[in-house]
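A.B. asks:
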Amino acid sequence: IFFFLFPILGIIFYIVFNENRPFSNYCLSDFPSNHGETSAANAKEAHIKKEITMVEIDSTVWKIIQALHGLIFFTLAAIVIFWGVYTLIKIIKYEKLKVGKGKMGAKEYINFCKEVFNL
Numbered sequence: 005i006f007f008f009l010f011p012i013l014g015i016i017f018y019i020v021f022n023e024n025r026p027f028s029n030y031c032l033s034d035f036p037s038n039h040g041e042t043s044a045a046n047a048k049e050a051h052i053k054k055e056i057t058m059v060e061i062d063s064t065v066w067k068i069i070q071a072l073h074g075l076i077f078f079t080l081a082a083i084v085i086f087w088g089v090y091t092l093i094k095i096i097k098y099e100k101l102k103v104g105k106g107k108m109g110a111k112e113y114i115n116f117c118k119e120v121f122n123l
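So in the working numbering, spot 97 of the sequence shown is number 101, and the numbers just go up one at a time.
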């Protein structure tokens, strides 16, 4: 059950770090001039005036974090989907063996699936 919840945790990343994010008052360390100041001392003052916190990571590290998150998120999502489909196929297969059905046509197979899952 918990294995199915891991991809949902990945969605939280996109919710927290999107355009209307709760962390919108954070600035990466290699963008000190985004707020109208060119020197490092003036950039710190500009960040303090605008109540923006500079974090210790730069944009390169942030892009790596985003890429790794996307890779892990989509890999786990694919694994969960394939595992779910595989489980459903096995359930139908063993129910078919229990009932003693052999080869079936498409319409008969769909009706059998409806019976198995009470649809």
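Where a beta carbon is used, it is the ideal one built from N, C-alpha and C, also for glycine.
Quick one: using the 10 Å Cβ neighbour count with 16 as the cut-off for buried, is residue 82 buried or exposed?
C.D. replies: The residue is exposed, with fewer than 16 neighbouring Cβ atoms inside 10 Å.
A.B. asks: Please report how far the alpha carbon of residue 53 lies from the alpha carbon of residue 63, in whole angstroms.
C.D. replies: C-alpha separation (whole angstroms): 22 angstroms.
A.B. asks: From which residue to which residue does the alpha helix (DSSP H) around residue 88 run?
C.D. replies: 63 to 103 is the extent of the alpha helix (DSSP H) around residue 88.
A.B. asks: Please report how far the alpha carbon of residue 57 lies from the alpha carbon of residue 74, in whole angstroms.
C.D. replies: For residue 57 and residue 74, the distance between alpha carbons rounds to 26 angstroms.
A.B. asks: Do you know offhand how far residue 80's Cα is from residue 95's?
C.D. replies: Each residue's Cα considered, the two are about 22 angstroms apart.
A.B. asks: Give me the Cα-Cα distance between residue 120 and residue 12, rounded to the nearest whole angstrom.
C.D. replies: Rounded to whole angstroms, residue 120 to residue 12 spans 29 angstroms at the Cα level.
A.B. asks: Count the other CB atoms within 10 Å of the CB of residue 47; is the residue buried (16 or more) or exposed (fewer)?
C.D. replies: The residue is buried, with at least 16 neighbouring Cβ atoms inside 10 Å.
A.B. asks: Taking residue 15 as the reference, give the member of 77, 113 and 100 with the closest Cα.
C.D. replies: It is 77 whose Cα lies nearest to the Cα of residue 15.
A.B. asks: Taking residue 112 as part of the alpha helix (DSSP H), name the residues at either end of that continuous run.
C.D. replies: 110 to 120 is the span of the alpha helix (DSSP H), which, as asked, contains residue 112.
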